[in-house]
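Novice: Submitted below is the structure of interest, expressed as structure tokens.
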Amino acid sequence: MMRDLHDNLEFRRLISPNRGTDNTAQVSQIIDLANVTMCEFSIAVGTVADADATFVVLVEDGDNASLTDNAAVDDAFLLGTETGAAFTFTNDNVVRKIGYIGPKRYVRLTITPASNTGNFDISAVAVLCGHRKGPQSSQSA
64 MMRDLHDNLE FRRLISPNRG TDNTAQVSQI IDLANVTMCE FSIAVGTVAD ADATFVVLVE
124 DGDNASLTDN AAVDDAFLLG TETGAAFTFT NDNVVRKIGY IGPKRYVRLT ITPASNTGNF
184 DISAVAVLCG HRKGPQSSQS A
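Just add 63 to wherever you are in the sequence shown, counting from 1, and you've got my numbering.
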């Protein structure tokens, strides 16, 4: 295995770039962590138009592929905090991150707005690393 960054990271889509307009939660794709030991969630925030909106971040994990057994991740398995990954109306054009090093196979990210009546632009990706057998693909869905 190469020891460079490029060949040791795998990227997965979590939340496609979109514009939210209300308080609907943005629930990510479910990420399968088979063959990796770590996952970092990267949240890209564009413009937040509302003057008092807040956005809470939740990381959930489970062993079922559809996450029907989902549970909030214990803080011991997070790198950073969900509070640190959260953002408000004052955080235009920022990137937030939170990592997962837990024992479960599947994870997802949920971003829930509160007090939002304006537009907000958001997207998120998962960065997988610590491959046990090397990345499966350099460009995943």
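All residues carry an ideal CB built from backbone N, CA and C; glycine is no exception. Here the structure is a predicted model, which is why all the values come from computation and not from measurement.
(1) Any idea what DSSP makes of T146, helix, strand or coil?
(2) Under 8 angstroms: do the segment 117–131 and the segment 143–150 share three or more Cβ pairs, one atom per stretch?
(3) For the segment 157–170 against the segment 90–103, are there 3 or more C-beta pairs whose distance is under 8 angstroms?
(4) Could you have a look at A139 and say whether DSSP puts it in helix, strand or coil?
(5) Would you mind sorting G193 into buried or exposed? The rule is 16 or more other CB atoms within 10 Å of its CB.
(6) Please report the Cβ distance between K160 and E73, rounded to the nearest whole angstrom; I am assuming they are in contact, meaning their Cβ atoms lie under 8 angstroms.
(7) Measure the C-alpha to C-alpha separation of N156 and L191 and round it to an integer number of angstroms.
(8) Among the residues of its own chain, which have a CB less than 8 angstroms from the CB of D126, if the five just before and after it don't count?
(9) For L142, tell me which candidate among D113, T87, S105 and N71 has the shortest Cα-Cα distance.
(10) Can you look up D70 in the DSSP assignment and give me helix, strand or coil?
(11) Tell me whether P166 sits in a helix, a strand or coil according to DSSP, three-state version.
(12) Where T144 and D137 are concerned, what is the direct C-alpha to C-alpha distance, given to the nearest angstrom?
(13) Below 8 angstroms on the Cβ atoms is my contact criterion, and I expect T173 with D113 to pass it. Report the Cβ-Cβ distance as a whole number of Å.
Specialist: Taking the structure as given:
(1) Within the sequence shown, numbered from 1, the residue matching residue 146 stands at position 83. It is helical.
(2) yes
(3) yes
(4) Walking along the sequence shown from the start, residue 139 turns up at place 76. In the structure shown, A139 sits in a helix (DSSP, three-state: H, G or I).
(5) To locate residue 193, count along the sequence shown from 1; it is residue 130. G193 is exposed by the Cβ-count criterion.
(6) Here residue 160 refers to the residue found at position 97 when the sequence shown is read from its first residue. Here residue 73 refers to the residue found at position 10 when the sequence shown is read from its first residue. Actually they do not touch by this definition, with Cβ atoms about 16 angstroms apart.
(7) To locate residue 156, count along the sequence shown from 1; it is residue 93. To locate residue 191, count along the sequence shown from 1; it is residue 128. Cα to Cα, N156 sits roughly 24 angstroms from L191.
(8) Reading the sequence shown from its first residue, position 63 is the one you call residue 126. Correct list, in chain order: D132, K167, R168 and Y169.
(9) Position 79 of the sequence shown, counted from the first residue, corresponds to residue 142. Cα-wise, what sits closest to L142 is S105.
(10) Residue 70 sits at position 7 when you count from the first residue of the sequence shown. DSSP places D70 in helix when its eight states are reduced to three.
(11) To locate residue 166, count along the sequence shown from 1; it is residue 103. If DSSP states are grouped into helix, strand and coil, P166 belongs with coil.
(12) Translated into positions along the sequence shown, residue 144 becomes position 81. Translated into positions along the sequence shown, residue 137 becomes position 74. So the alpha carbons of these two residues sit roughly 10 angstroms apart.
(13) Working through the sequence shown from its first residue, we reach residue 173 at position 110. Working through the sequence shown from its first residue, we reach residue 113 at position 50. Incorrect: roughly 19 angstroms between the Cβ atoms, too far for contact.
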